[in-house]
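Residue numbers (my numbering), protein chains in the order written: chain A, 94 to 899; chain B, -17 to 154.
From the three backbone atoms N, C-alpha and C, an ideal C-beta is built for every residue, glycine too.
Have a look at the structure below, then the notes.
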Amino acid sequence: MSIGDAGSEITRRAAEASNGAPAPSNHVGRAMRRKEDPRLITGKASYVDDINLTGQLWAAWVRSPEAHAKIVSIDTSAAKATQGVRAVYTHEDLDMEAGLPMAWAPPGVDVNTPDHWVLAKDAVKHVGDPVALVVGDDRYGVVDAAEAVMVEYDPLPVVTDPEKALEDGSPLVHEQFGTNKVCDWSLGGGDLEAGFAEADVIIERRVVNHRIAGGAIEPRGVLAEYRGDRLTVWSSTQVPHFLRLFLSILLGVTEERVRVIAPEVGGGFGSKLNIYAEEIGCAWASRKLGRPVKWIETRSEGLMVTHHGRDQIDYVKVGAKRDGTLTAWHSKIIADIGAYQLLLTPLIPPLSGFVMCGVYKTPAVVTDVTSVHTNKFPTDAIRGAGRPEATHMIEVVMDQLAHELGMDPLELRRKNFIPPFSAGHETPIGVVYDSGNYEAALAKLLEHIDPAQVRQEAEQLREQGIYRGIGFSTYTEICGNAPSRAVGPGGFGLQGGGWESATVRVHATGSVTLYTGTSPHGQGHETGFAQIVADRLGIDPSQVEVIHGDTHTGPFGLDTYGSRSLAVGGEAAALAAGKVAAKAKAIVAHQLEAAAEDIELRDGKFSVRGSPDKGLTLAEVAGAAYVTMDMPEGMEPGLDEQSFYDPENFVFPFGAHACVVDVDPETGKVKVVRWVAVDDCGPAINPMLIDGQVHGGIVHGIGQALYERVHYDDAGQLVTGTFVDYALATAAELPSFETDRTETPSPVNSLAVKGVGEAGTIAATPAVTNAVIDALRPLGVEFINMPLTPMRVWEAIQEAKGGVPA
Amino acid sequence: MSKTVPVTLNVNGVEHHLEVEPRLLLVHALRDNLGLTGTHVGCDTSNCGACTIHMDGRAVKSCTVLAVQADGVALTTIEGLASENELHPLQEAFWNDHGLQCGYCTPGMIMAAAGLLAENPNPTEDEVRHGLEGNLCRCTGYHNIVKAVLDAAKAKGAAVGAPASGQPGVTA
Chain A
94 MSIGDAGSEI TRRAAEASNG APAPSNHVGR AMRRKEDPRL ITGKASYVDD INLTGQLWAA
154 WVRSPEAHAK IVSIDTSAAK ATQGVRAVYT HEDLDMEAGL PMAWAPPGVD VNTPDHWVLA
214 KDAVKHVGDP VALVVGDDRY GVVDAAEAVM VEYDPLPVVT DPEKALEDGS PLVHEQFGTN
274 KVCDWSLGGG DLEAGFAEAD VIIERRVVNH RIAGGAIEPR GVLAEYRGDR LTVWSSTQVP
334 HFLRLFLSIL LGVTEERVRV IAPEVGGGFG SKLNIYAEEI GCAWASRKLG RPVKWIETRS
394 EGLMVTHHGR DQIDYVKVGA KRDGTLTAWH SKIIADIGAY QLLLTPLIPP LSGFVMCGVY
454 KTPAVVTDVT SVHTNKFPTD AIRGAGRPEA THMIEVVMDQ LAHELGMDPL ELRRKNFIPP
514 FSAGHETPIG VVYDSGNYEA ALAKLLEHID PAQVRQEAEQ LREQGIYRGI GFSTYTEICG
574 NAPSRAVGPG GFGLQGGGWE SATVRVHATG SVTLYTGTSP HGQGHETGFA QIVADRLGID
634 PSQVEVIHGD THTGPFGLDT YGSRSLAVGG EAAALAAGKV AAKAKAIVAH QLEAAAEDIE
694 LRDGKFSVRG SPDKGLTLAE VAGAAYVTMD MPEGMEPGLD EQSFYDPENF VFPFGAHACV
754 VDVDPETGKV KVVRWVAVDD CGPAINPMLI DGQVHGGIVH GIGQALYERV HYDDAGQLVT
814 GTFVDYALAT AAELPSFETD RTETPSPVNS LAVKGVGEAG TIAATPAVTN AVIDALRPLG
874 VEFINMPLTP MRVWEAIQEA KGGVPA
Chain B
-17 MSKTVPVTLN VNGVEHHLEV EPRLLLVHAL RDNLGLTGTH VGCDTSNCGA CTIHMDGRAV
43 KSCTVLAVQA DGVALTTIEG LASENELHPL QEAFWNDHGL QCGYCTPGMI MAAAGLLAEN
103 PNPTEDEVRH GLEGNLCRCT GYHNIVKAVL DAAKAKGAAV GAPASGQPGV TA
């Protein structure tokens, strides 16, 4: 067979492949079931712990039982003598010049950042701080050996309350700073003083947003193999590209020799957005021992040493006119960031400041953030990262203000809504929202639920001793991380922005591989991104394979967090596919002797406008581009294009949620009985995936509001160290959800989309809190902080009755 | 490693003769010794249910059972729920209804649901919710999981709860 024959054969096969019904070109917008699912529902997917290598060793960590102590001595002899143990390492063994990276701090302010070693040096600062690493042959054996490592500690005073940590004379987490304060940071706009002077009513509340966990059901895990002079690391991570970069720097292995693979990742919710000691330690040990090293986190380790989120005390002061017009909003945030700083730790509390205007036209808004060290594990980004905290204080305090003014809470919101806008709205703090129509979202919500009817039901139920309440939340948030011009050196002042990459590779027979720099862990990119690319190339999404999470395949990428994947990574995919389509049109124009601008994609063929019968499929174009070279003179062969997309602005999804709860005043137990959510993330790519994100997001918020709390006692001991004590909601506690959407296009990207991964979580906690307060007002309860556990609700009822709770 | 004992595990209709430590958890025997990695581990306290399999047709958390206790018992894992070329009605329903996102809890959730439907073929929504309260999911908020289980129960002619491969000892 000659080369020419091979070309015709490929062209013929491609023509055959496209001989069925012409591929529809409107996959975007359809609720297509996921391409990911067949492997997941049959047990064929490969998560980190499903991968084993020849000669693999196991790692276990010796962790501090003390919250704050000097390390007097470490005796590893018994552990080293244990059968099957290959090595026991302590800090002195590590030949690394630096430890865990903190890479993003609020710019322009001094930040006290301590060293954060892979294995503790001289002292431990929180329960779980690793002091030794045991490596051996057997999964169970290394745990036995870790228990045989004898560490003598000299306990130091502990501080776990961030407000006490700021007082003079407090125990210091890091002596060298002379203070537990990490930094002060402010963002504001408008004349706050004038705003309060103008107010008829001023209210103040202390809003607590307690510490929570990510709670991904797959624990973290890492398998590292240093072979020859190359390092390969499989990690359950959201950020394989960042991990490669930092492993390269910390271990001194140049980037092209480091490969990080995020295989199937079983959820993240921000908690796997980090560079962890276990990843660095296993990679280091693999090089030291010349064997692959695996570590799989236990859940009790996960709750202790996988980063937490939230943990703020918020002092909120709000001024308004008698008619409800907001005049000033001041929030002072005290953020308990724990003992060390992980990748983004000090940047997360300031993120609240970016959305403290909410959906309202408040003329003066100031947010002051003080971050504090305590003897706890560090906080970092957990689903929403700064925006749930902001939305919680805004929306809970809006309800408090409405009550103070004697206004309906929704009327107060409508009074202050920023009017609809489609191409930018600048808030007083300088953040420019992309598009919004808050009244429309609320109006749509009220098509599904009638508050008056709920209140009528509430009156009837009270006769049976059940207290029903309804709560609302109207939110916006900031996502699509991140436009360089807004956050980079010329803007906010971070080192750089958050572009994303995509490569669209058309194969010779017309199927397509999309390489994305994002790194999904359950969101459904393989389906949604395939729908986007398929539409731009006139093929079926089943012909588009989406590859992600492997630093040795596609271009450098910036991974997945902060609801960025679709609005940044999806747009990059669309742009790369657009480049392929443009080249395809040029090839088709050449073959059909037409002008490229007259070629359109219609019913799965590139054809001359007005002559749809005569045209070429993508497969036929690929045959020309790779084999027959029937292309314009001078055009490079191939059909393979790359795009790096740096957005012009963030995107700002929004919506309105309503929650109905029943409270049993005898036990304090709260049950969510109804939830209606209207979210606006622009036009849907796959509405089924949007609903899924919203459902899960809401439950993360309900979980925080009612059940979940990472709780340390005064001695710094983690009280909620297992899933027995850290209570994730189960199916039995929850209702089914009613979801709907409005679709306001974003002017920022060509897909007109916004992120939706965190929206439900951002909206949920204030809706629950407002509903519980609404339910309990007849009993005299006016305010209550999360978590709304039976104990806390019962105590609030007793206090309101004038009794003293036990 | 302490001394080992012999154990025979009958998994998805195939007998395996193993030498294991008496303390070896069944879930680790399935995953590490037999390579059946569809069964997952998500906690240390039997709360999450990611490790749910069937023992003699009943849904059981395999992290709470020692491998030696499973000697001679008919075990079914997610890999044995369906036949080679056909999905089990629950797998089909989870796919159709977007009953999974990251997929980590999914095998356990499907096995628990199969156990539930074997005992109660036509459950109400409330019965499904309470029947699955031993299985945690962080992604879906359970909405679509509950929908999928109800849809699978409704699916016409579905012999729900019975593995399509019909292992000995497994009853519907």
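Please list, in chain order, the chain A residues whose beta carbon lies closer than 8 angstroms to that of residue i.
{"i": "B:His36", "result": "Neighbours of B:His36 on chain A: none; closest Cβ ~13 angstroms, over 8 angstroms."}
{"i": "B:Arg40", "result": "Residues of chain A passing the Cβ test: none, with the nearest at roughly 19 angstroms."}
{"i": "B:Glu155", "result": "Because chain B spans -17 through 154 in this model, residue 155 of chain B falls outside it and cannot be assessed."}
{"i": "B:Val160", "result": "As displayed, chain B neither begins before -17 nor continues past 154, which places residue 160 of chain B out of reach and without an answer."}
Less than 8 angstroms separating the beta-carbons of residue i and residue j?
{"i": "A:Leu146", "j": "A:Val228", "result": "no"}
{"i": "A:Asn858", "j": "A:Gly790", "result": "Contrary to the premise, residue 858 of chain A reads as Thr rather than Asn in this sequence. The answer is no: Cβ separation not under 8 angstroms."}
{"i": "A:Arg299", "j": "A:Gln493", "result": "no"}
{"i": "A:Asn842", "j": "A:Thr620", "result": "no"}
{"i": "B:Gly123", "j": "A:His788", "result": "yes"}
{"i": "B:Tyr86", "j": "B:His10", "result": "no"}
{"i": "A:Gln684", "j": "A:Leu711", "result": "no"}
{"i": "A:Val597", "j": "A:Ala666", "result": "yes"}
{"i": "A:Val448", "j": "A:Trp422", "result": "no"}
{"i": "A:Ala153", "j": "A:Ala239", "result": "yes"}
{"i": "A:Gly775", "j": "A:Ser839", "result": "yes"}
{"i": "A:Leu437", "j": "A:Trp197", "result": "yes"}
Could you name the residues of chain B that residue i contacts, counting a contact when the two beta carbons are closer than 8 angstroms?
{"i": "A:Val358", "result": "Cys84"}
{"i": "A:Ile305", "result": "None at all; the shortest Cβ gap to chain B is about 12 angstroms."}
{"i": "A:Thr815", "result": "Cys25, Asp26, Thr27, Asn29"}
{"i": "A:Arg126", "result": "Trp77, Asn78, His80"}
From the DSSP output, read off the bridge partner residues of residue i.
{"i": "B:Leu99", "result": "Answer is none; B:Leu99 lacks a bridge partner."}
{"i": "A:Thr399", "result": "Bridge partners of A:Thr399: none, in fact."}
{"i": "A:Tyr608", "result": "A:Thr596, A:Ile640"}
{"i": "A:Pro963", "result": "Beyond the ends of chain A as shown, which are 94 and 899, falls residue 963 of chain A; an answer cannot be given."}
{"i": "A:Ile389", "result": "A:Gly314"}
{"i": "A:Trp278", "result": "A:Val462"}
{"i": "A:Arg555", "result": "Partner(s): none; A:Arg555 has no beta bridge."}
Which residues of chain B have a Cβ atom closer than 7 angstroms to the Cβ of residue i, listed in chain order?
{"i": "A:Glu504", "result": "Near A:Glu504 there are no residues of chain B at all, since even the closest Cβ is about 30 angstroms away, more than 7 angstroms."}
{"i": "A:Met781", "result": "His80"}
Cβ closer than 9 angstroms: which chain B residues qualify as neighbours of residue i?
{"i": "A:Lys425", "result": "Going along chain B, no residue has its Cβ under 9 angstroms from A:Lys425, so there is no contact; the nearest lies around 32 angstroms."}
{"i": "A:Arg392", "result": "Val23, Gly24, Cys25, Asp26, Thr27, Asn29, Cys30"}
{"i": "A:Ser328", "result": "In chain order: nothing, as chain B lies at least about 15 angstroms away."}
{"i": "A:Gly308", "result": "Leu118, Arg120"}
How far does the beta strand (DSSP E) with residue i in it reach, from first residue to last?
{"i": "A:Asn302", "result": "294 to 306"}
{"i": "A:Gly895", "result": "Counting along the chain, A:Gly895 falls outside any beta strand (DSSP E), and DSSP gives it neither H nor E."}
{"i": "B:Asn(-8)", "result": "-13 to -7"}
{"i": "B:Met37", "result": "34 to 37"}
{"i": "A:Pro223", "result": "223 to 229"}
{"i": "B:Lys43", "result": "40 to 43"}
{"i": "A:Val319", "result": "Reading off the sequence, residue 319 of chain A comes out as Tyr, not Val. Note, A:Tyr319: beta strand (DSSP E), 314 to 320."}
{"i": "A:Arg561", "result": "560 to 569"}
{"i": "A:Pro705", "result": "704 to 709"}
Run down chain A in chain order and give the residues with a C-beta less than 7 angstroms from the C-beta of residue i.
{"i": "B:Cys121", "result": "Gly360, Gly615, Gly789"}
{"i": "B:His125", "result": "His788, Ser829, Phe830"}
{"i": "B:Pro89", "result": "Gly136"}
{"i": "B:His(-2)", "result": "Chain A residues near B:His(-2): none, gap ~17 angstroms exceeds 7 angstroms."}
Starting from residue i, trace the alpha helix (DSSP H) both ways and give me its first and last residue.
{"i": "A:Met879", "result": "Run containing A:Met879: none; DSSP gives neither H nor E here."}
{"i": "A:Cys375", "result": "370 to 382"}
{"i": "A:Thr463", "result": "Segment 458 to 466 is the beta strand (DSSP E) holding A:Thr463; no alpha helix (DSSP H) there."}
{"i": "A:Pro535", "result": "First, the amino acid is wrong: residue 535 of chain A is Leu here, not Pro. Residues 531 to 541."}
{"i": "B:His125", "result": "125 to 136"}
Counting only Cβ pairs nearer than 9 angstroms, list the residues of chain A close to residue i.
{"i": "B:Gly20", "result": "Thr135, Gly136, Lys137, Ala138, Asp143"}
{"i": "B:Thr59", "result": "Gly136"}
For this session: Starting from the N-terminal side, write out each stretch of the alpha helix (DSSP H) that is 4 residues or longer and does not extend beyond the stretch 484 to 515 of chain A.
Result: Every alpha helix (DSSP H) stretch that sits fully inside the stretch 484 to 515 of chain A and reaches 4 residues is listed by chain position as 502 to 509.
Exercise. Which ranges does the beta strand (DSSP E) cover as unbroken runs of at least 3 residues, wholly within the stretch 728 to 797 of chain A, from first to last along the chain?
Worked result: Taking 3 residues as the shortest admissible run, the stretch 728 to 797 of chain A contains the following complete beta strand (DSSP E) segments, listed from N- to C-terminal end: 733 to 738, 747 to 757, 762 to 773.
Problem set entry | Segments assigned beta strand (DSSP E), at least 3 residues, entirely inside the stretch 155 to 235 of chain A | Taking 3 residues as the shortest admissible run, the stretch 155 to 235 of chain A contains the following complete beta strand (DSSP E) segments, listed from N- to C-terminal end: 162 to 168, 178 to 182, 223 to 229.
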